[in-house]
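Novice: I have a structure I would like to understand better, so I am pasting it below and will then ask my questions one at a time.
Number of protein chains: 2
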Amino acid sequence: MGSVTRIGVVAPSSRFSKATAARLEAHVEARFPGGDVKVVFHPACFANHGHFAGDDALRARAFLEMANDPRYDALWFARGGYGSCRIAEAVRDGLKPEARTKRYLGYSDAGSLLATLYKTGFAHVAHGPMVADFGRREGAEAIDRALDWLIKGATTGYEPSLDGRPTVAFNLTILDQLVGTAIEPDLSGHVVMIEEVSEALYRIDRMMFHLTGQASIRRIAGFRLGRVSDITPNEPEFGLTPEEIVRYWCLRSGIPYLGGADIGHDADNKIVPFGPR
Amino acid sequence: MGSVTRIGVVAPSSRFSKATAARLEAHVEARFPGGDVKVVFHPACFANHGHFAGDDALRARAFLEMANDPRYDALWFARGGYGSCRIAEAVRDGLKPEARTKRYLGYSDAGSLLATLYKTGFAHVAHGPMVADFGRREGAEAIDRALDWLIKGATTGYEPSLDGRPTVAFNLTILDQLVGTAIEPDLSGHVVMIEEVSEALYRIDRMMFHLTGQASIRRIAGFRLGRVSDITPNEPEFGLTPEEIVRYWCLRSGIPYLGGADIGHDADNKIVPFGPR
């Protein structure tokens, strides 16, 4: 028992697919045939309440049950979607000391909870692949990268530009929508990596206006831009690339632009541990 | 000359259609056959720079030329789209005393400039129909409502719930994306009317999380919800109506929900003068 690593899977946003869960379980059993790694899906991952994997109370309770349970070594977000901002404050208020020692891994909508945990002082919070990435082309590589970090904190899957400065990574929309709220961590002096998916360029421009206009964000060490994929059509053509947009707003606001980041909504999404490496 | 009212039309966001401009001019000439009302389109309305009606410098200059020109009595926004947040600070820094006495009318993306003018202490700023509304079904009614306010400050087109408390109105996304920036006015004690178009319900929910999470917004007198039109599909069904979403976040944040508002992206969009009525 003692040598088994238990990873709890939670779905604080949209509901998860049972079929993908079963495939993931088979993959983990095949990779760890001795049974020394167990991935356990909380039943609430498959619940259904409108847009969400269960209502707010159920999703918060499910997260806290696994976070506060000493039998689990790590919590892994099943997928993004939408909904974790709704339960972030309830989760924060219910966390017990047992939750602090665990690793937490996810991205996209999960960013609202990563921010909350980081703001609360948790030391092992990271932006990186989720269970749903198993469904991507070459998704097994993303899954194994995630498992290696969840099981033993492996640094092999780390985003390569990490340089010792405290760093965080977020989906641009998620960061844009949490600044000024109770779950915004103090990002002074941090390298802030951003990535985006399925947004129009004019929206990305508007979010950068908003983000770089925040007094809090003007204290960061700088932005790094990950991949911006599946950009939705702009009529007429916007006229700037995502990098040009980010560079423009950085220049205008006096925030350093630090270059690219190897993160995004794809199987190559590397792991970014929050805080100093 | 002295009795002629001159309304300058500006396009600080996306470019405007020459054909609609010509139709609007004909409508105004027919309604005011004596020539005592002139609607003058700034040539920059028809300029073209990627997404925008000219680049940022041209759009800011065009706005300031008309705002600072004593021959114009009012400035009317041609249309929304995207782009006025990009030039709001340049406009603010270039405004002269001549600009203060004029009336300003628009909505949607123009909200970034309405906010800027209101924050700067302008007394005649209003949320209401734009030239582009002429293209809507029954758009002529919206145009005449706008003209009556632009020409003589008529109150007949005012939003009916105005009750003497200071009030503002914004597109939800525009307000969401200006809080915390240099153009956010102090809305303490204000009734804040919001409306939305072409957004998914989960985005509306997320924006309400963000907005109602702001310390500044928690000081408003309350929200009123206008029309939310052309909601984009949500898969699965979100499970809450726009009013239920706004009521939820108001309840959660302690901000009063004050009821509906007769505003929206439609021909019925009533006029909301910023500040106390």
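First to last, the protein sequences are chains E and B.
Using UniProt numbering, the first residue of the first sequence is number 1, and each one after it goes up by one.
Using UniProt numbering, the first residue of the second sequence is number 1, and each one after it goes up by one.
Don't be surprised by glycine CBs; every beta carbon is placed ideally from N, CA and C.
Provide the residue(s) that pair with tryptophan 76/B in DSSP beta bridges, ordered along the chain.
Specialist: Beta-bridge pairing links tryptophan 76/B to Val9/B and Leu105/B.
Novice: Cα-Cα, which of Phe32/E, Phe63/E and Pro33/E is closest to cysteine 45/E?
Specialist: Phe63/E
Novice: What is the rounded straight-line gap between the Cα of valine 125/B and the Cα of phenylalanine 32/B?
Specialist: 24 Å
Novice: Compute the Euclidean distance between the alpha carbons of methionine 208/B and methionine 193/B, then round it to the nearest angstrom.
Specialist: 13 Å
Novice: Just to check my reading of the structure: alanine 52/E and arginine 59/E have Cβ atoms closer than 8 Å, yes? What is that Cβ distance to the nearest angstrom?
Specialist: Before going further, note that residue 52/E is phenylalanine rather than alanine in the sequence given. About 6 Å; that satisfies the 8 Å criterion.
Novice: Assign aspartate 109/B to buried or exposed, taking buried as 16 or more other Cβ atoms, counted over all protein chains shown, within 10 Å of its Cβ.
Specialist: buried
Novice: Name, going along the chain, the residues of the segment 225-241 of chain B whose beta-carbon falls closer than 8 Å to a beta-carbon of chain E.
Specialist: Asn234, Pro236, Glu237, Phe238, Gly239 and Leu240
Novice: With contact counted as at least three CB pairs below 8 Å, one residue from each stretch, are the segment 159-169 of chain B and the segment 32-43 of chain B in contact?
Specialist: Touching, no, given that fewer than three Cβ pairs across the two stretches are closer than 8 Å.
Novice: What would DSSP say about proline 273/B, mapped onto helix, strand or coil?
Specialist: strand
Novice: Is the beta carbon of phenylalanine 170/E closer than 7 Å to that of leucine 201/E?
Specialist: no
Novice: For the beta strand (DSSP E) holding serine 112/E, just list the boundary residues, first then last.
Specialist: DSSP places serine 112/E outside any beta strand (DSSP E); the residue lies instead in the alpha helix (DSSP H), whose first and last residues are 111-119.
Novice: Can you tell me the Cα-Cα spacing of glutamine 177/E and serine 112/E, whole angstroms?
Specialist: 9 Å
Novice: Counting only beta-carbon separations shorter than 7 Å, does histidine 51/E have a partner in chain B?
Specialist: yes
Novice: One question on the structure: do valine 37/B and threonine 5/B come within less than 7 Å of each other, judged by their Cβ atoms?
Specialist: Against a cut-off of 7 Å, the Cβ pair of threonine 5/B and valine 37/B comes out as a contact.
Novice: Does the beta carbon of serine 3/E sit closer than 7 Å to a beta carbon anywhere in chain B?
Specialist: no
Novice: At which residue ranges does the segment 155-182 of chain B contain complete alpha helix (DSSP H) runs of 4 or more residues, listed in the order of the chain?
Specialist: 172-176
Novice: Cα-Cα, which of Val191/B, Thr173/B and Gly213/B is closest to proline 166/B?
Specialist: Val191/B
Novice: Decide yes or no for the touch test of the segment 131-146 of chain E against the segment 89-104 of chain E: beta carbon pairs closer than 8 Å, at least 3 of them.
Specialist: Because the criterion of three Cβ pairs below 8 Å is not met, the segment 131-146 of chain E and the segment 89-104 of chain E do not touch.
Novice: If you run the structure through DSSP and keep just helix, strand and coil, what is methionine 193/B?
Specialist: Here methionine 193/B sits in strand by DSSP.
Novice: Using 7 Å as the limit for Cβ to Cβ distance, is cysteine 250/E near chain B?
Specialist: no
Novice: Alpha carbon to alpha carbon, what distance is there between threonine 20/B and proline 12/B?
Specialist: When rounded, the distance between both Cα atoms is 17 Å.
Novice: Please classify serine 229/E: does DSSP put it in a helix, a strand, or coil?
Specialist: DSSP places serine 229/E within a strand segment (E or B) once states are collapsed to three.
Novice: Taking 7 Å as the threshold (C-beta atoms), are isoleucine 271/B and tryptophan 76/B in contact?
Specialist: no
Novice: Closest to isoleucine 217/E by CA distance: which of Glu65/E, Ser253/E, Asp230/E and Ala74/E is it?
Specialist: Ser253/E
Novice: Anything in chain B within Cβ reach of glycine 35/E, meaning under 7 Å, just list it in chain order.
Specialist: Result: empty, since nearest Cβ-Cβ is about 36 Å, beyond 7 Å.
Novice: Go ahead and pull the three-state DSSP assignment for alanine 126/E.
Specialist: strand
Novice: In the DSSP assignment, find the unbroken alpha helix (DSSP H) run with glycine 139/B in it and report its ends.
Specialist: Taken as a continuous stretch (DSSP letters only), the alpha helix (DSSP H) holding glycine 139/B covers 139-152.
Novice: So glycine 259/B is in the beta strand (DSSP E); what residue range does that whole segment cover?
Specialist: 257-260
Novice: Going by other Cβ atoms of all chains shown within 10 Å of its Cβ, with 16 needed for buried, is proline 97/B buried or exposed?
Specialist: exposed
Novice: Buried or exposed: which applies to glutamate 199/E, given that a residue is buried once 16 or more other Cβ atoms fall within 10 Å of its Cβ?
Specialist: buried
Novice: Roughly how many whole angstroms lie between the Cα atoms of glycine 259/E and glycine 8/B?
Specialist: 43 Å
Novice: Threonine 181/B CB to nearest chain E CB: under 7 Å?
Specialist: yes
Novice: I think glycine 189/B touches alanine 215/B, with their Cβ atoms under 8 Å apart; what is that distance to the nearest whole Å?
Specialist: About 14 Å; that fails the 8 Å criterion.
Novice: Report buried or exposed for threonine 173/E, applying the criterion of at least 16 other Cβ atoms within 10 angstroms of its Cβ.
Specialist: The C-beta of threonine 173/E has 16 or more other C-beta atoms within 10 Å across all chains shown, which makes the residue buried.
Novice: How would you list, in chain order, the residues of chain B whose beta-carbon sits under 8 Å from the beta-carbon of phenylalanine 209/E?
Specialist: Cys85, Arg86, Gln177 and Thr181
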